[in-house]
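Residue numbering for the sequence shown follows the numbering used here, beginning at 644 and increasing consecutively.
All C-beta atoms in this analysis are idealised placements derived from N, C-alpha and C, irrespective of residue type, glycine included.
Reviewing the structure listed below.
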Amino acid sequence: MDDTFDADIRRIAAAEADGMRLLVDRRTDPGGPWFPVTELLESDGAPAVLLTRMVGVSDVPGEHIRAEWLFESYARVLGELGTAFVIATGRLPELTAANLLMASRNGLIAGVALRSCRMAAGAGGVGPAGNASAAESLRESLVALIGPFAAWFDRHGLRPEKTLWKSAADRIAEAALWAGRAFDEPEAARGLAAEILGNPGPLRIPLETVVDPLGTERHSRVTCCLAYRAAGGSLCFACPLNG
644 MDDTFDADIR RIAAAEADGM RLLVDRRTDP GGPWFPVTEL LESDGAPAVL LTRMVGVSDV
704 PGEHIRAEWL FESYARVLGE LGTAFVIATG RLPELTAANL LMASRNGLIA GVALRSCRMA
764 AGAGGVGPAG NASAAESLRE SLVALIGPFA AWFDRHGLRP EKTLWKSAAD RIAEAALWAG
824 RAFDEPEAAR GLAAEILGNP GPLRIPLETV VDPLGTERHS RVTCCLAYRA AGGSLCFACP
884 LNG
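Here it is in structure tokens:
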């Protein structure tokens, strides 16, 4: 089991789309840039420390912008790990705070590691139209991991929790499409995204896509990442403020 699991992780780590790869590993212990996700969710000071380390293009963005970027980097990494695993392997690892480490770079979440090879219960393979059991397990895991982090930002007056849930859903939709391109399974990716984000719950958003100038299908976001408010920033292609 360990050998198969590690091979799956290596396959996901090697996958690339849009010039991007997911930094993913299997590590039992924290160290260097790696820290337990439990620390991020249970320590009131851990997110604040990451916010102090963040920089922008030409200066340090406002605190609410840094909060949005930190939160979205967290949701993106979780979304990419979960959707890539389901699409590439037909399985889903146990995505719990106790089973995850994360790595930070310049105040943002840059990578994720699984501490064990335990698999999520009831998460079967994914077919061309998506797989309801895998999607349900992934959706439940994401909600459990995202909820406490969104609440922290709301509690500290940095970003509204309701808005952050939508931002997380945007990032998960983007992650699924990225995984679909990375593993040449675009239909499976759309089906998985629809199962995760099309059902009732805090992650529910409309799923629409637009094609960028390079011909790549992008998720049409329902929230803004606030990049245009930072010095040197601009509106993203799929930003809702762009249309």
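- Counting only runs of 3 or more residues that sit fully inside the stretch 808 to 858, the beta strand (DSSP E) segments are 852 to 854, in chain order.
- Counting only runs of 3 or more residues that sit fully inside the stretch 658 to 724, the beta strand (DSSP E) segments are 666 to 669 and 677 to 679, in chain order.
- Look at Val-786 here: in three-state DSSP terms it is helix.
- According to the DSSP assignment, Leu-743 belongs to the beta strand (DSSP E) that extends over 743 to 748.
- With respect to the C-alpha of Asn-842, the residue from Ala-778, Ser-877, Gly-790 and Asp-855 having the closest C-alpha is Ala-778.
- Check the Cα spacing between Leu-751 and each of Ile-708, Arg-734, Met-762 and Ala-741: the tightest is with Ile-708.
- DSSP, reduced to helix, strand and coil, places Glu-737 outside both helices and strands of the structure shown, so it counts as coil.
- Scanning Pro-849, Tyr-717, Leu-801 and Val-667 for the CA closest to the CA of Val-680 turns up Tyr-717.
- Between the alpha carbons of Ala-822 and Thr-726 lies a gap of roughly 6 Å.
- Listed in chain order, the non-local C-beta contacts of Leu-683 below 6 Å within the same chain comprise Ala-689, local neighbours out to five positions each way being set aside.
- With fewer than 16 other Cβ atoms inside 10 Å of its own Cβ, Asp-702 counts as exposed.
- Cα atoms of Trp-808 and Ala-816: separation of roughly 12 Å, rounded to the nearest angstrom.
- When rounded, the separation of the alpha-carbon atoms in Ala-836 and Leu-785 is 13 Å.
- Annotation: the continuous beta strand (DSSP E) that includes Leu-751 extends over 751 to 757.
- Following the DSSP letters along the chain, one finds His-862 inside the beta strand (DSSP E) bounded by residues 860 to 862.
- Distance between Thr-866 and Glu-685, taken at the CA atoms: about 27 Å.
- Short of 8 Å from the beta carbon of Thr-859, and not among the five residues preceding or following it, lie these beta carbons of its own chain, in chain order: Asp-661 and Arg-824.
- Counting C-beta pairs with one atom in each stretch, the stretch 870 to 878 and the stretch 844 to 856 have fewer than three that are closer than 8 Å, which means they do not touch.
- Taking the C-beta atoms as reference points, Leu-665 is found nearer than 7 Å to Glu-723.
- Taking the C-beta atoms as reference points, Val-853 is found nearer than 7 Å to Ala-881.
- Pro-829 has its alpha-carbon roughly 30 Å from the corresponding atom of Arg-748.
- Between the alpha carbons of Leu-884 and Met-663 lies a distance of about 25 Å.
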